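Trainee: Have a look at this one before I ask anything.
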Amino acid sequence: MKKYSILLFTIIIIFILTSCTTDRHEVDDQVYTLVIGCDKGIHNKVRITVQFPTYKESGGSGSLEKKGGGSSEEISGTIVETIEASSILEGINLLNTATTRRISFVHTKTIIFSEVMAREGVKDYLQPIARFREARRIMQIIVCKGAAEDFIRENKTQIGESLAKAMELAASQSENNGYFPEVPFQEFYTAAISPYRQAFTLYAGINEFKTLEPESEESANKTSPLITEFNAQPGEIPRKGSRKIEFAGTAVFNGEKMVGSLTTYETRYFLMVTGRFNKGIFTIEDKNSPGDAIPLDLRPGRTPKIDAHFENGVPIINVKLSMEADLGAIQSRVAYEKLNKIKELNKYVESIIKEGVEKTIRKTQQEWNTDIFGFGKKIAHSFFTVTEFEQYNWLKHYKEAKVNVEVLANVRRTGLMMNSSKIRNNEETILSKEEK
7 MKKYSILLFT IIIIFILTSC TTDRHEVDDQ VYTLVIGCDK GIHNKVRITV
57 QFPTYKESGG SGSLEKKGGG SSEEISGTIV ETIEASSILE GINLLNTATT
107 RRISFVHTKT IIFSEVMARE GVKDYLQPIA RFREARRIMQ IIVCKGAAED
157 FIRENKTQIG ESLAKAMELA ASQSENNGYF PEVPFQEFYT AAISPYRQAF
207 TLYAGINEFK TLEPESEESA NKTSPLITEF NAQPGEIPRK GSRKIEFAGT
257 AVFNGEKMVG SLTTYETRYF LMVTGRFNKG IFTIEDKNSP GDAIPLDLRP
307 GRTPKIDAHF ENGVPIINVK LSMEADLGAI QSRVAYEKLN KIKELNKYVE
357 SIIKEGVEKT IRKTQQEWNT DIFGFGKKIA HSFFTVTEFE QYNWLKHYKE
407 AKVNVEVLAN VRRTGLMMNS SKIRNNEETI LSKEEK
């Protein structure tokens, strides 16, 4: 009897393990979306744009080729298709009527919302994605100025052949400059439903290369001004090139709706407080020589320290930042390499960062009352239970908090030069301003 029971049990296990094949799909039977864009629909609720590979060899030139008679376009070895539907999932399903392979979300890298849609609210589009089993929680969330469809049609690779790799590397540039945050879907969705903080994500746009003015005789005779904090919106950075899309700044949300944005430098200060700033070049004006710049290679010295408590019913938040920097250049040739000058420079850098952080925090409090810093997690320690904290409603009282900022800066290295050497010409010796 025991033998028959074991045999029966083995047969049942075999059938259970081999029966889960009804929803299987061959890899070659599917096409994997790289990007999904969401715009406000005209004849239906949402206009969905998808970009997926053609599985053909690509020259990697970023070329765009229109297919005869159709609405699709081939861009850098990918196809872009647009459709209107009542929901994202049904829209993708409807596109299967015009493709030869089943469209899959499994390898989707990015979801892009137009700013118009983000300001109206993204709740109806987050929940289906969060529930859908194919959606990956690590895909990036982007809010773009203008239409998401136009943004995706400019999504090309100029270096290398893999658009998927180019997209991953583009988002990871946040680690090298700090001009924008890198936010996966899981973090964005969790923040949108959290009582401790509110959501934010990468802000992007299309640059038509119109802001970089051509040189004229008038401009050649003028002295170029020094602008140390260039706070342009995405799409407004003065540059020319081949890749039009650019990431610059942070889209700030209150619940499901976008309420505003942080500029590139405000984003850097925001990332410093949240411990997400990795490194970046900060240019400051030399106070001993106005008009001359001092570029600094800035990075965090230690993890930010944040503590919070109540004092007479007012939330008090203390933020302590520790930053390190390397000298990139000294245009004025003032001898900042000397110990007494480095101490002076440290104090100057501390004051600049402190002022920037305080202004950024004040902006989120006074303009939007939106805690994207996550201070709520610290203030929650002042409550005995989660229920008490939720009844207090921190997100409503964030604007009442008093935030104290302390910054410690340390210029640790002077680069490959130990001192600022004299500049000489064939007529005279031009001394450094320190020697003068």
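So the sequence shown is numbered by our numbering: it starts at 7 and just counts up by one. Heads up, the beta-carbon is just placed ideally off N, CA and C, and yes, glycines get one too. Bear in mind that the values here come from a model prediction, so they are computed numbers and not experimental data.
For N375, I'd like the list of residues in its chain whose CB is within less than 7 Å of its CB, leaving aside the five on either flank, ordered along the chain.
Mentor: Contacts found: Y404 and K405.
Trainee: Does T393 come out as helix, strand or coil in the three-state DSSP assignment?
Mentor: The answer is helix: DSSP assigns T393 an H, G or I state.
Trainee: With a CB to CB cut of under 6 Å and the five nearest residues on each side skipped, what residues in its chain are close to S67?
Mentor: Low local confidence applies: a pLDDT of 44 at S67 is under 50, so the model's placement there is unreliable, with the coordinate-based value given in what follows. Closer than 6 Å at Cβ, skipping near neighbours: no residue.
Trainee: Pick helix, strand or coil for Y271, following the three-state DSSP scheme.
Mentor: Correct three-state label for Y271: helix.
Trainee: Going straight from the alpha carbon of I251 to that of E181, what length do you get?
Mentor: Taking the straight line from one Cα to the other gives about 18 Å.
Trainee: Cβ of N517 within 8 Å of Cβ of G307?
Mentor: Beyond the ends of the chain as shown, which are 7 and 442, falls residue 517; an answer cannot be given.
Trainee: Run the CB neighbour count on K460, radius 10 Å, all protein chains shown included, and call it buried at 16 or more, exposed below.
Mentor: Within the shown structure, residues of the chain are numbered from 7 to 442, placing residue 460 beyond reach of any answer.
Trainee: What distance in whole Å lies between the Cβ atoms of S426 and I336, which are believed to be in contact at a cut-off of 8 Å?
Mentor: Their Cβ separation, rounded to whole angstroms, is 5 Å, which keeps I336 and S426 in contact under 8 Å.
Trainee: Taking Cβ positions, are L268 and T256 nearer each other than 8 Å?
Mentor: It is a contact, given that the beta carbons lie within the stated cut-off.
Trainee: Please return the same chain residues whose Cβ sits closer than 7 Å to the Cβ of I358, not counting the five positions on each side in sequence.
Mentor: Once the five neighbours on either side are set aside, the close Cβ partners of I358 are I290.
Trainee: Could you tell me the distance, in whole angstroms, from the CA atom of S120 to the CA atom of I378?
Mentor: Cα to Cα, the separation comes out at about 20 Å.
Trainee: For Q371, does the three-state DSSP call read helix, strand or coil?
Mentor: The answer is helix: DSSP assigns Q371 an H, G or I state.
Trainee: Here's the rule I'm using: 16 or more other beta-carbon atoms within 10 Å means buried, otherwise exposed. How should R159 be labelled?
Mentor: With 16 or more other Cβ atoms within 10 Å, it is buried.
Trainee: Of the choices E219, E188, D298 and I233, whose alpha-carbon is the least far from that of A254?
Mentor: Minimum Cα distance to A254 is reached at E188.
Trainee: Quick one: what's got a C-beta closer than 6 Å to G75's C-beta in the same chain, skipping five residues either side?
Mentor: Confidence is the limiting factor: at G75 the pLDDT is only 39, short of 50, which leaves the residue's position unreliable and the question unanswerable from this model.
Trainee: Could you name each continuous beta strand (DSSP E) segment of 3 residues or more that falls completely within the stretch 76 to 153, going from the start of the chain to the end?
Mentor: List check, beta strand (DSSP E) in window: 79 to 81, 84 to 91, 108 to 110, 116 to 120 and 146 to 150.
Trainee: By the three-class DSSP mapping on this structure, what secondary structure does S328 have?
Mentor: Three-state DSSP puts S328 in a strand.
Trainee: Please classify A104 as buried or exposed, where buried requires at least 16 other C-beta atoms within 10 Å of its C-beta.
Mentor: A104 is exposed by the Cβ-count criterion.
Trainee: Across the stretch 197 to 217 and the stretch 162 to 174, are there enough close Cβ pairs to call them in contact, namely three or more that are closer than 8 Å?
Mentor: Verdict: no, contact absent.
Trainee: Taking the alpha-carbon of E330 as reference, which of R203, R143 and R418 has the nearest alpha-carbon?
Mentor: Of the candidates R203, R143 and R418, the one whose C-alpha sits nearest the C-alpha of E330 is R418.
Trainee: Check this for me: beta carbons of P134 and S93, under 8 Å apart or not?
Mentor: Contact: yes.
Trainee: Taking Cβ to Cβ, would you say D35 is nearer than 8 Å to R108?
Mentor: It is a contact, given that the beta carbons lie within the stated cut-off.
Trainee: Less than 8 Å between the beta carbons of S110 and Y38, yes or no?
Mentor: Contact: yes.
Trainee: Excluding the 5 residues flanking V413 on each side, which residues of the same chain have their C-beta closer than 6 Å to its C-beta?
Mentor: Hits under 6 Å: L327, E356, I359 and K360.
Trainee: From the DSSP output, in three-state form, read off G281 for me.
Mentor: It is coil, neither helix nor strand.
Trainee: Looking only at C-alpha atoms, which of R339, P240 and F381 sits nearest to L197?
Mentor: Going by the sequence as given, residue 197 is Ala instead of Leu. Considering only alpha carbons, the answer is F381.
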